[in-house]
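Trainee:
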Amino acid sequence: MTETNTISMSESELTEKIQSGELKICVIGIGRIGLPTALSFANSGLDTVGVDINKNLVDMINEKKFPLKDEPGYDVIFDRAISEKKFYATTSLEEAVSKSNVIVLTLPTPMDSNHVPDYTALKSVGKQLHNCISKGVLIIVESTVEPGFIENDFIKIIQGSDNSLQFGSDFSLGVSPETANPGQILVDFERLPRLIAGIDEKTRDLILKIYKHVFTVDLISMPNCKTANAVKLTTNVFRDLNIAFINELSQIFEKAGIDIMTVLDAAKSKYNFQAHYPGPGVGGPCLPVNSYQMINFAKNYSFDSFHLVELGRKINEKMPKHTIDLLEECFNETKKSFSDSTILLLGASYKPDVKDIQLSPIEDIIRILQEKHSKILIYDPYFKNSKIYGIETSNDLVSSLKESDALIVVTAHKEFHDLESSFLKSKMKTPIVIDTRCLIDQYDAKKNGLIYRAIGRGKL
Ligand SMILES: NC(=O)c1ccc[n+]([C@@H]2O[C@H](COP(=O)([O-])OP(=O)(O)OC[C@H]3O[C@@H](n4cnc5c(N)ncnc54)[C@H](O)[C@@H]3O)[C@@H](O)[C@H]2O)c1
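If you want this note's numbering, it's the position in the sequence shown, counting the first as 1, plus 218.
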């Protein structure tokens with residue numbers, strides 16, 4: 219093991235190393251969260267290296283091509299960091315880690331097909347770190363993990379099964395769970411307070427000092443890693459559950475002829491109400507996974523009456539089917555069948571204005587439509603000339619509309635906000651529209667002769 223000893227530095231030595239730019243940073247996993255994080259470190263004047271197993275990504279970065287086109291603002295920081303040689307990428311973890319004092323982990327933490335949290339990337343990198351870290355290195359986990367994972371599992375991986383590395387002398391460990399939103403990471407990095415915790419107080423204080431240099435936002439000092447990780451999960455499970463509540467309410471409102479958007483708009487006027495919106499399901503790398511992490515966390519503590527989060531998941535996971543049920547109503551009305559129809563899916567991303575289909579509800583919508591033998595078209599401005607679940611995407615909205623017997627609005631991308639009912643009526647083969655995001659004015663839809671259904675709106 220070589221010497222680096224960030225953790226034995228006094229506060230003044232650390233300040234000096236930060237200010238002189240001698241502190242070397244290594245960010246492992248330079249995807250959606252890791253790349254902006256690494257660039258923030260580089261932008262603060264610290265030499266930063268990004269490590270990733272994706273060679274194409276690493277090559278692209280070193281060829282000065284910014285990969286995150288849907289993250290405004292970071293393109294400029296990227297160009298500057300690369301041209302000033304403050305940042306580069308590599309696939310060689312060992313080489314990057316051996317030169318670094320601080321290792322930041324922004325590795326993926328997805329779940330498997332049985333909804334069990336999958337910490338393979340963190341565990342595998344943890345084992346590699348055990349073999350190659352320099353003495354006194356500080357490791358900070360920004361990935362989202364269950365409360366207790368750092369203290370009960372991850373620390374042991376770094377220590378090694380033979381306990382050959384000692385926490386406190388050989389390495390130190392803390393967390394700063396990332397809470398930024400894709401598509402607006404720069405904005406969020408400049409406004410969202412950061413949670414900071416360490417395995418001990420000394421580590422937490424070191425992280426506070428380094429992050430204070432890199433970020434301008436408030437830093438919230440947490441008592442321990444498990445509490446910081448619990449905050450991150452709590453905020454996202456709160457959203458998943460509230461969306462489930464609105465999705466369930468929407469289905470009653472459809473029957474009762476009450477417009478969910480009108481209700482939410484008025485409900486917002488009450489100071490302690492926070493609006494959440496209906497949709498065809500909840501996707502992305504965070505919300506669904508975080509709910510299952512919370513469920514797994516409860517199981518690990520043998521808390522067997524933890525039902526609400528599971529129920530919320532069930533409701534949200536049934537929304538693709540509900541979307542198709544609305545379409546079936548329209549088909550019954552117009553005497554059309556799924557197998558003779560071409561259905562255009564508008565938007566594929568799990569959320570607006572980002573190029574990301576991870577766990578997007580479109581996957582289940584496609585599966586159900588394929589079981590019914592419908593022909594499927596997909597138009598998404600972020601996915602031109604590509605394939606989504608084996609279906610070639612369309613490059614031209616108008617020609618797709620002309621072929622379509624029905625349209626399902628899946629994602630509320632900005633490009634779709636101004637869709638006019640008269641335009642849809644004039645272009646579509648059959649003017650059936652299922653509006654899962656309540657984007658279209660329902661009165662206008664009726665006036666212009668659309669056969670219109672929306673999640674959370676009754677038939678007019
Ligand atoms: N994307 C979000 O909205 C978001 C928001 C907040 C927090 N998070 C959390 O941040 C973490 C990272 O998420 P992300 O969205 O940036 O994931 P991502 O998939 O965009 O990026 C992860 C990167 O890690 C790389 N990687 C995987 N295994 C590796 C390994 N063994 N060694 C080196 N590199 C490896 C991948 O190639 C990829 O480039 C997750 O824990 C996620 O839950 C994500």
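Just so it is clear, CB atoms sit at the ideal spot from N, CA and C, and this is done for glycine as well.
Indicate whether residue 645 and residue 627 have their beta-carbon atoms separated by less than 8 angstroms.
Mentor: For the purposes of this step, residue 645 is taken as residue 427 along the sequence shown, with counting starting at 1. For the purposes of this step, residue 627 is taken as residue 409 along the sequence shown, with counting starting at 1. No, these two residues do not count as a Cβ contact at 8 angstroms.
Trainee: Is the region 556-569 close to the region 407-414, with three or more CB pairs under 8 angstroms?
Mentor: Touching, no.
Trainee: To which residues of the same chain is residue 254 closer than 6 angstroms at the C-beta, ignoring the five residues directly before and after it?
Mentor: What you label residue 254 is simply residue 36 of the sequence shown in a count that begins at 1. Excluding positions up to five away in sequence, the list reads 292, 403.
Trainee: With a CB to CB cut of under 8 angstroms and the five nearest residues on each side skipped, what residues in its chain are close to residue 299?
Mentor: The sequence position of residue 299 within the sequence shown is 81, counting from 1. These residues qualify, in order along the chain: 257, 260, 261, 266, 305.
Trainee: Would DSSP call residue 426 helix, strand or coil?
Mentor: In the sequence shown, the residue the question calls residue 426 occupies position 208. Reduced to three states, the DSSP call for residue 426 is helix.
Trainee: Alpha carbon to alpha carbon, how far is residue 391 from residue 325? Give it in angstroms, no decimals.
Mentor: One-based indexing of the sequence shown puts residue 325 at position 107. One-based indexing of the sequence shown puts residue 391 at position 173. Going from the Cα of residue 325 to the Cα of residue 391 covers about 15 angstroms.
Trainee: How about residue 451 and residue 399: are their beta carbons less than 8 angstroms apart?
Mentor: Stepping through the sequence shown from its first residue, residue 451 is reached at position 233. Stepping through the sequence shown from its first residue, residue 399 is reached at position 181. No, the pair does not count as a contact, with Cβ atoms beyond the cut-off.
Trainee: Roughly how many angstroms separate the alpha carbons of residue 545 and residue 468, rounded to a whole number?
Mentor: Reading the sequence shown from its first residue, position 327 is the one you call residue 545. Reading the sequence shown from its first residue, position 250 is the one you call residue 468. One C-alpha to the other measures close to 16 angstroms.
Trainee: My assumption, with CB atoms under 8 angstroms, is that residue 204 sits in contact with residue 359. Please give the rounded CB distance.
Mentor: Look at the range of the chain in this structure, 219 to 678, and you will see that residue 204 is not part of it.
Trainee: Roughly how many whole angstroms lie between the Cα atoms of residue 543 and residue 495?
Mentor: As a first step, residue 543 must be located in the sequence shown, where it is residue number 325. As a first step, residue 495 must be located in the sequence shown, where it is residue number 277. Computed Cα separation, rounded: 19 angstroms.
Trainee: Could you tell me how far apart the beta carbons of residue 447 and residue 363 are, in whole angstroms, since I believe they sit closer than 8 angstroms?
Mentor: As a working note, residue 447 is residue 229 in the sequence shown. As a working note, residue 363 is residue 145 in the sequence shown. Contact holds; Cβ gap of about 6 angstroms.
Trainee: Relative to ligand 1, is the shortest distance from any of its heavy atoms to the C-beta of residue 289 smaller than 7 angstroms?
Mentor: On the sequence shown, position 71 is the one that residue 289 refers to. The answer is no for residue 289.
Trainee: Please identify the residue among 674, 673, 647, 656 whose C-alpha is closest to the C-alpha of residue 667.
Mentor: By 1-based counting over the sequence shown, the position of residue 667 is 449. Out of 674, 673, 647, 656, 647 has the C-alpha closest to the C-alpha of residue 667.
Trainee: Going by beta carbon distance, what residues of the same chain come within less than 7 angstroms of residue 280, once the five residues before and after it are set aside?
Mentor: Mapped onto the sequence shown, residue 280 falls at position 62. Contacts found: 306, 307.
Trainee: Closest by CA to residue 620, which one among 600, 539, 643?
Mentor: Here residue 620 refers to the residue found at position 402 when the sequence shown is read from its first residue. Nearest of 600, 539, 643 to residue 620, Cα basis: 643.
Trainee: Looking at ligand 1, does it come within less than 7 angstroms of residue 360, judged from the CB to the closest heavy atom?
Mentor: Position 142 of the sequence shown holds residue 360. Indeed, a heavy atom of ligand 1 lies less than 7 angstroms from the Cβ.
Trainee: Would you report the Cα separation of residue 220 and residue 439, rounded to the nearest angstrom?
Mentor: Locating residue 220 in the sequence shown gives position 2, counting from the first residue. Locating residue 439 in the sequence shown gives position 221, counting from the first residue. Residue placement at residue 220 is flagged as unreliable, the pLDDT there being 48, under the threshold of 50; the coordinate-derived value follows with that caveat. Looking at the two C-alpha atoms, the distance is approximately 31 angstroms.
Trainee: Out of curiosity, what's the CA-to-CA distance linking residue 608 and residue 659?
Mentor: Looking up residue 608 in the sequence shown gives position 390. Looking up residue 659 in the sequence shown gives position 441. Between residue 608 and residue 659, the C-alpha separation is close to 33 angstroms.
Trainee: When you compare the CB positions of residue 498 and residue 583, do they come within less than 8 angstroms of one another, or not?
Mentor: Taking the sequence shown and counting its residues from 1, the one referred to as residue 498 is at position 280. Taking the sequence shown and counting its residues from 1, the one referred to as residue 583 is at position 365. Contact: yes.
Trainee: DSSP three-state call for residue 248: helix, strand or coil?
Mentor: Against the sequence shown, residue 248 aligns to sequence position 30. Residue state, collapsed to three classes: coil.
Trainee: Are the beta-carbon atoms of residue 502 and residue 574 separated by less than 8 angstroms?
Mentor: On the sequence shown, position 284 is the one that residue 502 refers to. On the sequence shown, position 356 is the one that residue 574 refers to. In this structure, residue 574 lies closer than 8 angstroms to residue 502 by Cβ.
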